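**Q**
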Amino acid sequence: MAENVIFTPLKLGSLQLINRFVRSATHDYLADDRNGQVSDRQLCLYRNLAEGEIGLIISGHAYVHLSGKASPRQLAVDEDEKIPGLKQLASSVHETGSGSVVFLQLAHAGRQTKPGLTGGLQPIAPSAVYDPVSCILPRELRAEEIPQIIEWFVQAARRAQEAGFDGVQLHAAHGYLLSSFISPHTNRRQDEWGGDWEKRSRIIRQIIQGIKKTCGAQFPVIIKLNATDHLPTGITLEEAIKIAVSLEQSGLDGLEISGGMNEAGLGSVWPGLRKEQDEGYFVPLAAEIKKKVTIPVSGLGGIRTLKVAENFLSKGLVDLVSMSRPFINEPALVKKFASGELKKSLCLSCNKCFNPRGVKCANKK
Ligand SMILES: Cc1cc2nc3c(=O)[nH]c(=O)nc-3n(C[C@H](O)[C@H](O)[C@H](O)COP(=O)(O)O)c2cc1C
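Here our numbering runs 16 ahead of the position in the sequence shown, where the first position is 1.
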């Protein structure tokens with residue numbers, strides 16, 4: 017059996033993770049498209065992931081309000097009616113007894129959606145900045161609407177907790193609503209919700225504080241944070257560091273560092289196989305943030321090779337390693353790494369797993 021730090025436990029808030037592997041949030045196109053209810057195929061998917069002994073499994077993004085639905089067949093956490101289905105999803109992980117824990121990713125698409133997906137609701141954003149990818153000019157939120165947005169996230173976290181999830185992850189990456197608040201490219205406000213980094217990230221601090229008040233200080237809250245938008249007018253690493261420090265002070269339990277925005281032409285899911293030295297394309301940003309915080313930080317982006325992942329940990333660059341596509345290819349990857357059966361994921365990063373009929377590796381029989 018492998019003895020590297022990667023297979024050792026880590027404390028994340030009130031939880032003890034069984035190892036350092038994270039299945040980063042992965043939308044699976046498997047929920048009921050009428051209302052985002054959990055499906056039997058999702059129960060099977062999550063059971064397989066848990067049997068694979070992944071330390072932390074993060075769900076696909078679940079919309080906290082219909083106006084924030086980003087994609088067909090997306091999971092929803094917008095109403096109490098969703099709790100029973102979500103309960104089955106959390107149980108499908110826990111019942112395996114593998115020790116894996118599962119977090120629900122709470123998301124709102126902001127301006128990166130279309131009224132065709134949101135039941136006709138006009139996409140919303142901190143500012144009315146045209147999105148050339150969705151061809152949407154979003155509606156600028158009025159200041160008095162923002163407490164309601166905060167409440168959507170807080171209530172979604174309460175539902176996740178009631179359903180038995182071990183924690184939640186706020187989706188503040190890839191240009192979605194919370195990411196569009198922290199980015200100066202999409203947030204041009206001059207009121208208390210826009211301007212400097214502190215005001216642009218205020219909404220997230222208030223969400224964290226609201227969740228901790230409602231769900232208890234022990235309920236883990238982590239975030240997926242853009243440290244770059246890949247846009248010259250986007251967020252800078254220096255700002256992302258200050259935001260991360262302020263979120264830790266507000267009670268945040270962990271960080272996963274990502275980047276990209278639809279209109280940058282370079283998102284977060286880079287296609288193509290890379291050399292080992294180029295794996296972990298967002299890890300250098302995560303490592304800079306880790307220097308300034310004490311909570312666990314996860315690195316990601318094209319990590320495929322066990323040795324590479326182990327090096328990130330042993331060098332102290334990050335505390336956890338997150339992967340998405342490798343677990344679509346092989347849910348038992350962690351076990352296969354541990355037994356020595358695999359030293360590298362067989363994922364080709366071809367991105368054909370984005371399959372609207374259900375996430376699936378195109379290169380696996
Ligand atoms: C099919 C698919 C769905 C994804 N869905 C989400 C999502 O719901 N939320 C999110 O934050 N990231 C999502 N991502 C991005 C991944 O979490 C991850 O950040 C990215 O794929 C890079 O990691 P990888 O190279 O290991 O795949 C998705 C990626 C893929 C391939």
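Ideal Cβ placement from N, Cα and C applies to all residues, glycine included. All figures in this text were calculated on a predicted structure; none of them were measured in a lab.
#1: Pop quiz: H124 and H81 are said to be a contact at Cβ under 8 Å. What is the actual Cβ separation, rounded to whole angstroms?
#2: Determine the direct distance from the alpha carbon of Q293 to that of I360, and round the result to whole angstroms.
#3: Roughly how many whole angstroms lie between the Cα atoms of P342 and P300?
#4: Is it true that the CB of F119 sits closer than 8 Å to the CB of G183?
#5: Measuring only from the beta carbon, is A11 closer than 7 Å to any heavy atom that is part of ligand 1?
#6: To the nearest whole angstrom, what separates the beta carbons of Q104 and G52, a pair I think is in contact under 8 Å?
#7: Find out if the Cβ-Cβ distance for the pair A302, V285 is shorter than 8 Å.
#8: Tell me, please, which residues DSSP counts as bridged to D27.
#9: Take the Cβ of Q32 as the centre, count every other Cβ of all protein chains shown within 10 Å, and call the residue buried at 16 or more, exposed below.
#10: Please confirm whether any heavy atom of ligand 1 lies closer than 7 Å to the CB of C388.
#11: Quick one, which of S196, G180, S340 and R216 has its alpha-carbon nearest V145's?
#12: Whole alpha helix (DSSP H) runs in the stretch 118-189 with 4 or more residues, listed along the chain?
#13: In whole angstroms, what is the alpha-carbon distance linking R221 and T129?
#14: In the DSSP assignment, the alpha helix (DSSP H) including K215 goes from what residue to what residue?
#15: For a test of your reading of the model: does the CB of K360 fall under 7 Å from any non-hydrogen atom of ligand 1? Yes or no.
#16: Excluding the 5 residues flanking S266 on each side, which residues of the same chain have their C-beta closer than 7 Å to its C-beta?
#17: Please check if any C-beta of chain B sits within less than 8 Å of the C-beta of L336.
#18: Does DSSP classify G315 as helix, strand or coil?
#19: Spatial neighbours of A18 within its chain, please: C-beta separation below 6 Å, excluding the five flanking residues on both sides.
**A** Reading from the atomic positions:
#1: 6 Å
#2: According to the sequence shown, residue 360 is Lys rather than Ile. Distance between the alpha carbons of K360 and Q293: 14 Å.
#3: 20 Å
#4: yes
#5: Any question about residue 11 goes unanswered here, given that the chain covers just 17 to 381.
#6: Their Cβ separation, rounded to whole angstroms, is 14 Å, which puts Q104 and G52 out of contact at 8 Å.
#7: no
#8: The sequence shown places Lys at residue 27, not Asp. DSSP lists Q32 as partners of K27.
#9: exposed
#10: There is no way to answer for residue 388, as the model of the chain reaches only from 17 to 381.
#11: S196
#12: 162-178
#13: 24 Å
#14: W213 to R216
#15: no
#16: R221, I224 and Q225
#17: The structure shown has no chain B; it contains just one protein chain.
#18: strand
#19: In this prediction, A18 has a pLDDT of 44, which is less than 50 and means its spatial position is unreliable; nothing more can be read from the coordinates.
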